[in-house]
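To start, the structure itself, in structure tokens.
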Amino acid sequence: MTAGSAERPLVAVLDYGIGNLRSAQKGLERAGADARLTTDHGLIAGADAVVLPGVGAFGAVMDALRD
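In our numbering, the protein residues as written are 29 to 95.
Now the structure itself:
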């Protein structure tokens, strides 16, 4: 772990405006992560892990990320 605390890894949850992002964030927090919804490139680059919620809507997610 580098970006989060020694006890809680920092997980960037990409906020691309699609899907139930808050549900993913809360699940990660319950699992012990410092999960943050973000579009900030610096936070994403410095995170211990990155999550792209909404695998079931992957095509729409990729379109949103391209825009």
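Cβ coordinates follow ideal geometry from the N, Cα and C atoms, glycine included.
Output yes or no for whether 7 Å exceeds the beta carbon distance between A77 and V39.
Along the sequence shown, read from residue 1 onward, the residue named residue 77 stands at position 49. Along the sequence shown, read from residue 1 onward, the residue named residue 39 stands at position 11. Going by C-beta atoms, A77 is nearer than 7 Å to V39.
How many Å lie between S51 and I72 at the Cα?
As a first step, residue 51 is located in the sequence shown; it is residue number 23 there, counting from the start. As a first step, residue 72 is located in the sequence shown; it is residue number 44 there, counting from the start. Each residue's alpha carbon lies about 19 Å from the other.
Rounded to the nearest angstrom, what separates G70 and G47 at their Cα positions?
In the sequence shown, counting from the first residue as 1, residue 70 sits at position 42. In the sequence shown, counting from the first residue as 1, residue 47 sits at position 19. Going from the Cα of G70 to the Cα of G47 covers about 23 Å.
Since L56 is in the beta strand (DSSP E), which residue starts that stretch and which ends it?
Along the sequence shown, one-based indexing puts residue 56 at 28. Note, L56: premise wrong, no beta strand (DSSP E); alpha helix (DSSP H) at L49 to R58.
Out of M90, G60 and G74, point me to the one whose CA is closest to T66's CA.
In the sequence shown, residue 66 corresponds to position 38, counting from 1. With distances taken between Cα atoms, T66 lies closest to G74.
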